[in-house]
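Line by line, the protein sequences give chains A and B.
Our numbering applies: residue 1 is where the first sequence begins, and numbers increase by one.
Our numbering applies: residue 1001 is where the second sequence begins, and numbers increase by one.
Cβ coordinates follow ideal geometry from the N, Cα and C atoms, glycine included.
Predicted, not measured: the structure shown is a model, and the values here were computed from it.
The structure appears below as structure tokens.
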Amino acid sequence: MAFLNGLKCRECGREYPAEPLNVCDFCFGPLEVVYDYATISEVVSRDRISQGPLSIWRYADLLPVDSEEPVDIMAGYTPLIKAKNLGKRLGLNNLYLKNDSVNPSFSFKDRVVSVAATKAVEFGFDTLACASTGNLACSVAAHAARAGIRSIVFIPSDLERGKVIGAAIYGPTLVAVDGTYDEVNRLCSEIGDNYPWAFVNINMRPYYAEGSKTLGYEVAEQLGWRLPDHVVIPSASGAMFTKIWKGFNELACLGLLEGVDAISFGPDQNTAHHPAVTTRMHMTQAAGCSPIATAWQNGQTHVRPVRPNSIAKSLAIGNPADGIYALRVLEESGGSAQIVPEDRVVDGIKLLAETEGIFTETAGGVVMSGLQHLAESGAFGKDELVVVYITGNGLKTQEAVEEVVNPLSIRPTLSSFEEALQGRPLAIR
Amino acid sequence: MDKQRVKFSFEGDQVKDPIIYQLGRNFHIVTNIRRAEVQENLGWVILELDGEKEEIERGLQWVSSTGVRVDPLSGDVIEG
């Protein structure tokens, strides 16, 4: 049962019914969902949530869907791990990793796509679509398979074979587009506007983006209904960054956090800020595509689009739809935006793997290197609670770390083994 | 006839150029600005273009050739 009143333009405030729309007809501003929080507050409780499924759908009261049977491949409820080894390395006693790389299609995209797919089925669409360079393609194809509907996935023609297979296995119609990034982007935007499909990040976007709030809910629940002092997040469009903040503030305004009284959401639900939410939001972007972080560091309110040229392809959005809203969250939360040099991305992947046994993709390398820089620059107190979001699995970007494969080559004899060992002692932590 | 919703981003001296006026004057395109922000040396305009599809394409190619960046209205739709 959705507690959804409809959609509202984030810029001019015009209201629309809950339909497959993403842009205000009047000012072309983005549309956001509007909830009936008065009714939600009468229904939702920590007990009710704890009795829900071990997936994002335990928070169904706070998601914009009606269906009692969501399109669910069990996205979410991923581990929150205390990172003792990494914490020791960085001088942090309360460092935690939200490991979203273990989602069913191996990235956080399963959260947003599960919501978009559920809404698409509710609206009666028979085709789920997206344009992607990896994670989103896999998730859309997987959820369409689960829902029993068609999927069509647009990919750049030069996409690595491993990523193509990761999406193709679920049986979508794959369309490889030959063109520059801008050409592919423009074509897919035009197709999204002209075909009667549920394009997850176009006409489904207001609903799709809400799925990222669950990254905030879960961390709070897993910390005993408390919020961290700091979160460190990789960012592309800025949507996930803003939605985690929204999730924290929703929990606070509804009185679901420990020791925090409920308050009104105020006139604009999407900018509600409970004074008890003091988490500092830290964003990380790779230097080859850092439009939001660059704007922040230059003190600008305008995000200047860039042409992506980064090893972290899952973060390569040169014209981020939620960039200006992410800047507002940075300001409001007292956070920061880090630009990670491209040559530090792989270092970050290795750091996480070697200290905590988690193999993340390049976006994870960006967030780890950003975390390291923040820790070294004294951004955190040593006992403050810091949560880092790991959003994708390293198996998807193996080509980025091929250099680690350097085995000892031996003959099948003990003497050969011992001879080889003499030249290279066992790795010591 | 076709309609397209686009975002132009300007930088530096481009802010002073009457790009939208010239687009309407030199091509058979009706321009309709819906939202904009212009600062001293950068700015953006979100607008709707009304005209024949080929004419809009020609017009947008000309805008791009001036160095003004042309993007789809809702930002990038290709995601990782």
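- Looking at A/Thr127, A/Ala83, A/Leu159 and A/Gly266, the one whose alpha-carbon comes closest to that of valine 34 of chain A is A/Gly266.
- Closer than 8 Å to the CB of arginine 1069 of chain B there is at least one CB belonging to chain A.
- Aspartate 1076 of chain B reaches chain A at Asn185, Ser237, Ile317, Gly318, Asn319, Pro320 and Ala321, counting residues in chain order whose Cβ is nearer than 8 Å.
- Phenylalanine 123 of chain A: member of the alpha helix (DSSP H) spanning 109 to 123, first to last residue.
- Within 9 Å of the CB of glutamate 1037 of chain B, the CB atoms of chain A belong to Thr301 and His302, in sequence order along the chain.
- Closest option to isoleucine 169 of chain A, judged by alpha-carbon separation, among A/Val177, A/Ser151, A/Thr360 and A/Ala239: A/Ser151.
- For secondary structure counted as the alpha helix (DSSP H) over 4 or more consecutive residues, the stretch 321 to 351 of chain A holds these complete runs in sequence order: 323 to 333.
- Across the stretch 1025 to 1036 of chain B, CB contacts with chain A closer than 7 Å involve Arg1034 and Arg1035, in sequence order along the chain.
- Counting only Cβ-Cβ distances below 8 Å, alanine 131 of chain A has contacts in chain B at Val1077, Ile1078 and Glu1079, in chain order.
- With distances taken between CA atoms, glutamate 1040 of chain B lies nearest to A/Thr301 out of A/Tyr59, A/Ser333, A/Thr301 and A/Pro206.
- By the Cβ neighbour-count rule, glycine 238 of chain A is buried, with 16 or more other Cβ atoms within 10 Å of its own.
- Here threonine 413 of chain A is exposed. Its C-beta has fewer than 16 other C-beta atoms within 10 Å.
- In the structure shown, valine 1006 of chain B falls within a strand segment according to DSSP collapsed to helix, strand and coil.
- Apart from sequence neighbours up to five positions away, the residues of its chain that approach isoleucine 1033 of chain B with a beta-carbon distance below 8 Å are Ile1020, Val1045, Ile1046 and Leu1047, ordered along the chain.
- Beyond the five residues adjoining it in sequence on each side, asparagine 201 of chain A comes within less than 7 Å, by CB distance, of Cys130 and Tyr208 in the same chain, given in chain order.
- Bounds of the alpha helix (DSSP H) holding tryptophan 245 of chain A are 239 to 253.
- Under the 8 Å criterion on CB atoms, proline 1072 of chain B is classed as interfacial with respect to chain A.
- Note that the C-beta distance between threonine 279 of chain A and serine 333 of chain A is below 8 Å.
- Proximity of chain A to serine 1009 of chain B at the Cβ level (cut-off 8 Å) is accounted for by Arg304 and Pro305, in chain order.
- Residue contact with chain A for leucine 1023 of chain B: absent (no Cβ-Cβ distance below 8 Å to any residue of chain A).
- Using a Cβ-Cβ distance cut-off of 8 Å, the stretch 346 to 362 of chain A and the stretch 304 to 324 of chain A are in contact, since at least three pairs of beta carbons, one from each stretch, lie closer than that value.
- Segment contact: the stretch 130 to 145 of chain A against the stretch 102 to 118 of chain A, three or more CB-CB distances shorter than 8 Å; contact assigned.
- Closer than 9 Å at the C-beta level to chain B, one finds these residues of the stretch 11 to 33 of chain A: Glu11, Cys12, Asn22, Val23, Cys24, Phe26, Cys27, Phe28, Gly29 and Pro30.
- Within the same chain, and ignoring the five residues on either side of glutamine 222 of chain A in sequence, the residues whose Cβ sits closer than 6 Å to its Cβ are Leu80.
- By the Cβ test, the stretch 282 to 293 of chain A is in contact with the stretch 337 to 357 of chain A, since at least three Cβ pairs between them sit closer than 8 Å.
- When the five nearest sequence neighbours on each side are left out, no beta carbon in the same chain lies closer than 8 Å to the beta carbon of arginine 161 of chain A.
- Residue pairing by DSSP places isoleucine 390 of chain A opposite A/Asn99 in a beta bridge.
- Excluding residues up to 5 positions away in sequence, Ala220, Trp225, Arg226, Leu227, Leu251 and Ala276 lie with their Cβ nearer than 8 Å to the Cβ of leucine 257 of chain A in the same chain.
- Around the beta carbon of asparagine 298 of chain A, fewer than 16 other beta carbons lie within 10 angstroms, which makes this residue exposed.
- At a Cβ-Cβ threshold of 8 Å, asparagine 85 of chain A and lysine 382 of chain A do not count as neighbours.
- Proximity to glutamate 69 of chain A across A/Asp322, A/Gly29, A/Ala120 and A/Ala321 peaks at A/Ala120, based on C-alpha coordinates.
- It is roughly 54 Å from the alpha-carbon of alanine 116 of chain A to the alpha-carbon of alanine 420 of chain A.
- Residue pairing by DSSP places tyrosine 77 of chain A in no beta bridge whatsoever.
- Leucine 1042 of chain B has a beta carbon lying within less than 8 Å of a beta carbon in chain A.
- When C-beta atoms of the stretch 346 to 357 of chain A are compared with those of the stretch 365 to 379 of chain A, three or more pairs fall below 8 Å, so the two segments count as touching.
- Bridge pairing for isoleucine 1019 of chain B: absent [DSSP].
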